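K.L.:
Residue numbers (my numbering): 352 to 1041.
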């Protein structure tokens, strides 16, 4: 039961009683007649009755106050001994709170959401926790954190003390690499710039920086500490160009996890330049032209060579509409400006000197792309294989030409090769597409590889991805030096475009073929990719080798773990992740990066424990701040308006709230008492007047 207290329940508005009391007072002061006090007694009794004084008391059940404990479970709390300090401090806090009377405890572990680069948001979590707690029951809040909080309020208003226990050391050293500016896109063949700095507060000098592009070998350079540095690098290919930067670690620093950063620049091609050289006219000649002209990103140069230069043409000059073939310009001066050269049923003619065939072979070895779509001329004495092109062609003519319908089939290797894998209609037996009418017989010029990856750099080595009758090579792909070559051993692919016997995926096949030759990243035979969606990391490995294999995954905190892949051609695996930041995947040769939230997350930016961020908020709330290494403070209950923290102790407000079950109300001026005093006053006044 609460102590009784005096309350007034006036029967008239308070201002009326105030006016009446003032009038009585004026009469007393002005009149000053004998017996005036006795005459005013009835009036005073009347005013007291109208004021209706009562003695009230309440009966109820006390309510426990609520203490909130917020535990920082962010990535920065895994550094050094912080996790152990946090867990030990949490156990001590809960034990001390349990010993305090009339106190309930809520514990909330705060983890940044996976896939969102928002840092540590303790105050957002606090708002959620106390949303259903009446403020007059909140005893206080204690945060166990390293001080790296990214949602500090401008004007905190908890209505209760906020305390902080800091994990970590007071004088920690940590070197970190910060990306200041980086482009998102770059044109293939050009260079882009990024700027960064290596922060090491309180230290001067230089640091060694390792630079790795697309998972390749690392190069190093010395860069000054705490200064902005500019780095230029080329955009070599379309798609993601990954640059990894890693600063050398120093003894005694917190972690090496934030010594590295990554930048992904998407390479875009300004225009794809294609040279199409047609020989003898045939029904499928326009197939290549239509395919390439339909792609708005392709600049096509198309020439048809019908007559050698020594052949006399008696047509009058005024009737000639054809321009002279710019042989020297195309095959000597501007040859390396083209991304792809296509020879469509071209036979060796004197229009191209032998030196120019040699130029094309060197162009391929140096990184160019060549597509040979051959017909019967390839099996003739005027075959292009009798030129210097033989150095880069994986298939040599055997002199035979098959002139009968046949169904093209995808080979076992072709089912794993991105050019022919999952072609519509190709997975069934027989394939669900139309037949072709002619196949040019060939043999491996240096051993066609049908069981594994292409033997890159070996002249003539190739991979047969489609075959004709009797397993004869139909589409052969090869890596030659730094370049690529494809040979299509038939000139009747156009039948698919015309819908012959139901047609086939002609446009898709030729599109993939052209873009594989021009190094489209999505069509690489050996490719490793990683992608984060929500809290799942998906790893895919494209390979011509059978079996899935295993990759190594490096977490944002630097820890590694193996991951087994399954599947043929494209082997894949999913991994549930619990950290935001950069995930690195490697199979020993290829490297893939995936960002959960951001390549360079806020959480891994500044890792040194600090009191500076939370100190103003704690002081504004009247709480206390203490490093865990100095020992846990004592806990005590305090009055709502008392000091809530002091040297070595944290206070928890005792609000004294209760649920009222009954109210006792005792009148202090009952009617009989008022009548007694009022009548007595009148009698005494009458008696005195006598």
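Even glycine gets a Cβ: it sits at the ideal position worked out from N, Cα and C. These numbers were taken from a predicted model, which means no experiment stands behind them.
Note down, one range per segment and in chain order, each alpha helix (DSSP H) of at least 4 residues found wholly within the region 580–646.
P.N.:
636–644
K.L.:
What are the start and end residues of the alpha helix (DSSP H) that includes residue 866?
P.N.:
By one-based count along the chain shown, residue 866 stands at place 515. Taken as a continuous stretch (DSSP letters only), the alpha helix (DSSP H) holding residue 866 covers 857–868.
K.L.:
For residue 752, does the three-state DSSP call read helix, strand or coil?
P.N.:
For the purposes of this step, residue 752 is taken as the residue at position 401 of the chain shown. Correct three-state label for residue 752: strand.
K.L.:
Please report the Cβ distance between residue 627 and residue 695, rounded to the nearest whole angstrom; I am assuming they are in contact, meaning their Cβ atoms lie under 8 Å.
P.N.:
In the chain shown, the residue the question calls residue 627 occupies position 276. In the chain shown, the residue the question calls residue 695 occupies position 344. So it is a contact: roughly 7 Å between Cβ atoms.
K.L.:
Apart from the five residues on each side of it in sequence, which residues of its chain come closer than 7 Å, Cβ to Cβ, to residue 415?
P.N.:
Numbered from 1 along the chain shown, position 64 holds the residue referred to as residue 415. Excluding positions up to five away in sequence, the list reads 453, 454 and 455.
K.L.:
Closest to residue 506 by CA distance: which of 997, 968, 859 and 614 is it?
P.N.:
By one-based count along the chain shown, residue 506 stands at place 155. For residue 506, the closest of 997, 968, 859 and 614 by C-alpha to C-alpha distance is 968.
K.L.:
CB residue 527 to CB residue 553, shorter than 9 Å?
P.N.:
Numbered from 1 along the chain shown, position 176 holds the residue referred to as residue 527. Numbered from 1 along the chain shown, position 202 holds the residue referred to as residue 553. Not a contact, by the Cβ cut-off of 9 Å.
K.L.:
What does the alpha-carbon distance come out to for the pair residue 711 and residue 700?
P.N.:
Along the chain shown, one-based indexing puts residue 711 at 360. Along the chain shown, one-based indexing puts residue 700 at 349. Near 15 Å, if we compare the C-alpha coordinates of residue 700 and residue 711.
K.L.:
Taking the CB atoms as reference points, tell me whether residue 599 and residue 615 lie closer together than 9 Å.
P.N.:
For the purposes of this step, residue 599 is taken as the residue at position 248 of the chain shown. For the purposes of this step, residue 615 is taken as the residue at position 264 of the chain shown. Result no, Cβ atoms of residue 599 and residue 615 do not sit closer than 9 Å.
K.L.:
Is it right to say residue 808 is buried, meaning 16 or more other beta carbons lie within 10 angstroms of its own, or is it exposed?
P.N.:
Counting from one through the chain shown, the residue named residue 808 turns up at place 457. For residue 808, the pLDDT reaches just 37, beneath the cut-off of 50, and the residue's location in the model is therefore unreliable, although a value from the coordinates is still provided. By the neighbour-count rule (16 or more Cβ atoms within 10 Å), residue 808 is not buried but exposed.
K.L.:
Can you give me the C-alpha to C-alpha distance between residue 568 and residue 996, rounded to a whole angstrom?
P.N.:
Within the chain shown, numbered from 1, the residue matching residue 568 stands at position 217. Within the chain shown, numbered from 1, the residue matching residue 996 stands at position 645. Roughly 57 Å between the two C-alpha positions.
K.L.:
For residue 902, which option in 869, 870 and 944 has the closest C-alpha, if you only look at C-alpha atoms?
P.N.:
Here residue 902 is taken as the residue at index 551 of the chain shown, counted from 1. It is 944.
K.L.:
By Cβ distance below 6 Å, which residues in the same chain neighbour residue 605 in space, the five residues on each side in sequence not counted?
P.N.:
In the chain shown, counting from the first residue as 1, residue 605 sits at position 254. So the list reads 430, 431, 523, 525 and 958, once near-sequence residues are dropped.
K.L.:
Consult DSSP for residue 884 and reduce its assignment to one of helix, strand or coil.
P.N.:
On the chain shown, residue 884 is found 533 positions in, with the first residue counted as 1. In this structure, residue 884 counts as strand in the three-state DSSP scheme.
K.L.:
Note down the Cα distance separating residue 935 from residue 1008, rounded to an integer number of angstroms.
P.N.:
Your numbering for residue 935 matches position 584 in the chain shown. Your numbering for residue 1008 matches position 657 in the chain shown. C-alpha separation (whole angstroms): 55 Å.
K.L.:
Which class does residue 1003 belong to by DSSP, given the choice of helix, strand or coil?
P.N.:
Numbered from 1 along the chain shown, position 652 holds the residue referred to as residue 1003. Strand.
K.L.:
Assuming residue 789 and residue 842 make a contact with CB atoms under 8 Å, what is their CB distance in whole Å?
P.N.:
Position 438 of the chain shown, counting from 1, holds the residue named residue 789. Position 491 of the chain shown, counting from 1, holds the residue named residue 842. Confirmed, Cβ separation roughly 6 Å.
K.L.:
Pair every Cβ in the region 915–928 with every Cβ in the region 975–988, then say whether three or more of these pairs are closer than 8 Å.
P.N.:
no
K.L.:
Would you tell me roughly how many angstroms separate the C-alpha atoms of residue 632 and residue 621, rounded to the nearest one?
P.N.:
By one-based count along the chain shown, residue 632 stands at place 281. By one-based count along the chain shown, residue 621 stands at place 270. Straight-line Cα distance between these residues: approximately 32 Å.
K.L.:
According to DSSP, simplified to helix, strand and coil, what is residue 373?
P.N.:
Here residue 373 is taken as the residue at index 22 of the chain shown, counted from 1. If DSSP states are grouped into helix, strand and coil, residue 373 belongs with the helices.
K.L.:
In this structure, does DSSP put residue 719 in helix, strand or coil?
P.N.:
The residue given as residue 719 occupies position 368 in the chain shown. If DSSP states are grouped into helix, strand and coil, residue 719 belongs with coil.
K.L.:
Over the uninterrupted alpha helix (DSSP H) stretch that includes residue 438, give me the two end residues.
P.N.:
Here residue 438 is taken as the residue at index 87 of the chain shown, counted from 1. That run of the alpha helix (DSSP H) goes 433–449.
K.L.:
So, residue 1003 versus residue 512, is the Cβ gap smaller than 9 Å?
P.N.:
As a working mapping, residue 1003 is identified with position 652 in the chain shown. As a working mapping, residue 512 is identified with position 161 in the chain shown. Contact flag set, yes.
K.L.:
Please classify residue 514: does DSSP put it in a helix, a strand, or coil?
P.N.:
On the chain shown, residue 514 is found 163 positions in, with the first residue counted as 1. Three-state result, residue 514: strand.
K.L.:
Pick helix, strand or coil for residue 711, following the three-state DSSP scheme.
P.N.:
Locating residue 711 in the chain shown gives position 360, where the first residue counts as 1. The answer is helix: DSSP assigns residue 711 an H, G or I state.
K.L.:
Would you call the region 813–823 and the region 753–768 touching, i.e. three or more CB-CB distances under 8 Å?
P.N.:
yes
K.L.:
With distances taken Cα to Cα, identify the nearest neighbour of residue 587 among 542, 428, 581 and 649.
P.N.:
Sequence index remark: in the chain shown, residue 587 carries index 236 (1-based). For the residues 542, 428, 581 and 649, the minimum Cα distance to residue 587 belongs to 542.
K.L.:
What do you get for residue 771, buried or exposed, if any count of 16 or more other CB atoms within 10 angstroms of its CB means buried?
P.N.:
The count along the chain shown starts at 1 and reaches residue 771 at position 420. Buried.
K.L.:
Output yes or no for whether 9 Å exceeds the beta carbon distance between residue 1005 and residue 991.
P.N.:
By one-based count along the chain shown, residue 1005 stands at place 654. By one-based count along the chain shown, residue 991 stands at place 640. For residue 1005 and residue 991, yes; Cβs fall inside 9 Å.
K.L.:
Mind checking residue 688: buried by the 16 CB within 10 Å criterion, or exposed?
P.N.:
Position 337 of the chain shown holds residue 688. Burial is judged here by how many other beta carbons sit within 10 angstroms of a residue's own beta carbon; residue 688 has fewer than 16 and is exposed.
K.L.:
If you reduce the DSSP assignment to three classes, tell me which class residue 730 lands in.
P.N.:
The count along the chain shown starts at 1 and reaches residue 730 at position 379. In this structure, residue 730 counts as helix in the three-state DSSP scheme.
K.L.:
Between 752, 834, 765 and 904, which has its C-alpha nearest residue 726's C-alpha?
P.N.:
As a position in the chain shown, residue 726 is number 375, starting the count at 1. Checking every option, the nearest Cα to that of residue 726 belongs to 752.
K.L.:
For residue 719, collect the residues of the same chain with a Cβ closer than 6 Å to its Cβ; drop the 5 residues on either side in sequence, then sort them by chain order.
P.N.:
Position 368 of the chain shown, counting from 1, holds the residue named residue 719. Excluding positions up to five away in sequence, the list reads 834.
K.L.:
Determine contact between the region 775–786 and the region 850–862, defined as no fewer than three beta-carbon pairs at a distance below 8 Å.
P.N.:
yes
K.L.:
Keeping to the same chain, check which residues put their C-beta closer than 6 Å to that of residue 419; ignore five residues upstream and five downstream.
P.N.:
Position 68 of the chain shown, counted from the first residue, corresponds to residue 419. Closer than 6 Å at Cβ, skipping near neighbours: 457, 480 and 492.
K.L.:
Under 9 Å, do residue 745 and residue 836 count as touching if we go by C-beta distance?
P.N.:
Sequence index remark: in the chain shown, residue 745 carries index 394 (1-based). Sequence index remark: in the chain shown, residue 836 carries index 485 (1-based). In contact: residue 745 and residue 836 (Cβ atoms closer than 9 Å).
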